[in-house]
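Using the working numbering, count along the sequence shown one by one with no gaps and you end on 413.
All C-beta atoms, glycine included, are put in the ideal place defined by N, C-alpha and C.
Given the structure is predicted, the values throughout are model-derived calculations rather than measurements.
Inspection log for the structure reproduced underneath, given as structure tokens.
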Amino acid sequence: MKPQILTSSFGIGRTAALLCAALAVSSLGTHEARAADAPALKSCVIIDNDFDIDDMMAIPLVFGSEHVAALIQSEGYTLPEESAPAVDVLVNGTDGSSGSRTIPIIVGGRQEKGPDLSQWPWLSFFRSMLNQANGLLPAPLPPWKSTPDYPQKLADTVADCDSVSILVIGTYTSFINYFPLLQDKVDRIVIMGQPINDDSSTPGRESFNCKFDFAACQKAMTLLEGKPAFFIDVPRFEECRGATATAAHCYSPDYAMVAGDGKTPGLKEEGMPGRLRKALLNDISCQSFYPPADRTKPCTSKSTWEPAAVAAGLGGEMLLWDQSAAIFLVHPKAFALFYPKDNKSEGGKHYSPVLIDNSDAKTVEGLRALWTDLTNAAVSIR
Ligand SMILES: [Ca+2]
Numbered sequence: 032m033k034p035q036i037l038t039s040s041f042g043i044g045r046t047a048a049l050l051c052a053a054l055a056v057s058s059l060g061t062h063e064a065r066a067a068d069a070p071a072l073k074s075c076v077i078i079d080n081d082f083d084i085d086d087m088m089a090i091p092l093v094f095g096s097e098h099v100a101a102l103i104q105s106e107g108y109t110l111p112e113e114s115a116p117a118v119d120v121l122v123n124g125t126d127g128s129s130g131s132r133t134i135p136i137i138v139g140g141r142q143e144k145g146p147d148l149s150q151w152p153w154l155s156f157f158r159s160m161l162n163q164a165n166g167l168l169p170a171p172l173p174p175w176k177s178t179p180d181y182p183q184k185l186a187d188t189v190a191d192c193d194s195v196s197i198l199v200i201g202t203y204t205s206f207i208n209y210f211p212l213l214q215d216k217v218d219r220i221v222i223m224g225q226p227i228n229d230d231s232s233t234p235g236r237e238s239f240n241c242k243f244d245f246a247a248c249q250k251a252m253t254l255l256e257g258k259p260a261f262f263i264d265v266p267r268f269e270e271c272r273g274a275t276a277t278a279a280h281c282y283s284p285d286y287a288m289v290a291g292d293g294k295t296p297g298l299k300e301e302g303m304p305g306r307l308r309k310a311l312l313n314d315i316s317c318q319s320f321y322p323p324a325d326r327t328k329p330c331t332s333k334s335t336w337e338p339a340a341v342a343a344g345l346g347g348e349m350l351l352w353d354q355s356a357a358i359f360l361v362h363p364k365a366f367a368l369f370y371p372k373d374n375k376s377e378g379g380k381h382y383s384p385v386l387i388d389n390s391d392a393k394t395v396e397g398l399r400a401l402w403t404d405l406t407n408a409a410v411s412i413r
């Protein structure tokens, strides 16, 4: 009942630029390596997401390194019909400013009966925020129509692709329905979170994506058996939840990687990185999105992602979840299979960032630098 996790099927050929010790890469050689290896073959990526804030921060960076054939919106933090117009503005812009082509966005699957949302009291706030692409839109756009034949629609978008990599950063609700149509050309599936029964680093804690539609998650584990599936997670520390989430060793986003400071340039102001920058930094008024008891707390576009602003708002854990899975997709050398120190036989089921100088703080710094660099590469899309 476990997917096979391949460790040697790719890596060297797909990424020419190995990580330097500080992870801060100045030249990303992926395209050149791909072209030299197989100039006639078309490799494509599908991004299956539920457009939460970390999806928003993960999606653009894929465009700088890979040919994204389509996005598919699945029910999770947001609903597919509502997230589609919001993510459309992020990737395609309002004026076609994404460049040479329009990225297809498919309205994916919902559960027949959604779960009881009260177990995630913060979800409604995030849904309201992301329906307007965080700070990018002044108000939500009209929802798109549902697409009952989304598996075929998605398959059509990769008809001329020789191979397809799937990045799953949302629930498995759509995946279980389209994967059988695509599997013959799928070269890898990169998934945020740990597989079911992986107790090696966070015992008993399936990811939100798995828990939200657990039946689909279970089915996906069966579908992924023997397939090149790569599960990605970041180290989670109890002290990185809540008010102290700004500690240097927490695997969270930070303000500088977006806005820049003396050490990092931050995101560019044009193209897709520019739209992401606006989405994350624009001044907006959002207190009314909080649950009634919290409406005196400060709310800005940073309240969904910047640790201090999150702590001043609804609090909770805000880590580089989907961002890490996206970075793995384009830069797998930054990750290695995780093995617990005290029981190595339990490990090897998911990937975790390679520690720099045995320091979580330095590793987080490196991941953030890589995120900024890779996202800025999406100023022109492939
Ligand atoms: Ca997600």
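Could you tell me the distance, in whole angstroms, from the CA atom of residue i to the CA atom of residue j?
i, j, result
"residue 215", "residue 250", "18 Å"
"residue 325", "residue 364", "42 Å"
"residue 245", "residue 200", "15 Å"
"residue 278", "residue 194", "41 Å"
"residue 21", "residue 309", "Outside the displayed range of the chain (32 to 413) lies residue 21, so it cannot be described from this structure."
"residue 239", "residue 107", "8 Å"
"residue 268", "residue 191", "44 Å"
"residue 94", "residue 151", "31 Å"
"residue 262", "residue 217", "16 Å"
"residue 370", "residue 178", "41 Å"
"residue 228", "residue 255", "14 Å"
"residue 101", "residue 135", "5 Å"
"residue 289", "residue 110", "26 Å"
"residue 413", "residue 132", "9 Å"
"residue 171", "residue 315", "13 Å"
"residue 121", "residue 202", "21 Å"
"residue 212", "residue 188", "12 Å"
"residue 341", "residue 157", "11 Å"
"residue 304", "residue 407", "6 Å"
"residue 99", "residue 123", "12 Å"
"residue 92", "residue 400", "12 Å"
"residue 253", "residue 226", "11 Å"
"residue 358", "residue 248", "23 Å"
"residue 96", "residue 300", "19 Å"
"residue 403", "residue 394", "14 Å"
"residue 410", "residue 376", "43 Å"
"residue 145", "residue 389", "42 Å"
"residue 259", "residue 366", "16 Å"
"residue 242", "residue 232", "17 Å"
"residue 62", "residue 266", "Bear in mind that a pLDDT of 48 at residue 62, under 50, signals an unreliable position, so the model cannot answer this."
"residue 72", "residue 210", "21 Å"
Going by other Cβ atoms of all chains shown within 10 Å of its Cβ, with 16 needed for buried, is residue i buried or exposed?
i, result
"residue 386", "exposed"
"residue 115", "buried"
"residue 333", "buried"
"residue 183", "exposed"
"residue 396", "buried"
"residue 306", "buried"
"residue 302", "buried"
"residue 105", "buried"
"residue 373", "exposed"
"residue 380", "buried"
"residue 185", "buried"
"residue 162", "buried"
"residue 230", "exposed"
"residue 83", "buried"
"residue 147", "exposed"
"residue 119", "buried"
"residue 295", "buried"
Do residue j and residue i come within 8 Å of each other at the CB atom, strictly closer than that value?
i, j, result
"residue 329", "residue 344", "yes"
"residue 361", "residue 405", "yes"
"residue 398", "residue 368", "no"
"residue 112", "residue 174", "yes"
"residue 391", "residue 86", "no"
"residue 138", "residue 356", "no"
"residue 337", "residue 286", "yes"
"residue 166", "residue 312", "yes"
"residue 292", "residue 383", "no"
"residue 347", "residue 272", "yes"
"residue 198", "residue 79", "yes"
"residue 320", "residue 149", "no"
"residue 223", "residue 284", "no"
"residue 168", "residue 117", "yes"
"residue 76", "residue 205", "no"
What does DSSP give as the partner residues of residue i in its beta bridges?
i, result
"residue 219", "196"
"residue 78", "102, 198"
"residue 383", "367"
"residue 137", "103"
"residue 390", "387"
Counting only beta-carbon separations shorter than 8 Å, does residue i have a partner in chain D?
i, result
"residue 225", "Judged by its chain identifiers, the structure shown contains no chain D, having just a single protein chain."
Legend entry - Whole runs of the beta strand (DSSP E) within the stretch 239 to 301, excluding any shorter than 3 residues: 260 to 263
Inset, instruction - Quick one: which unbroken alpha helix (DSSP H) runs of 4-plus residues sit fully inside the stretch 304 to 358? Chain order, please. - result: 338 to 343
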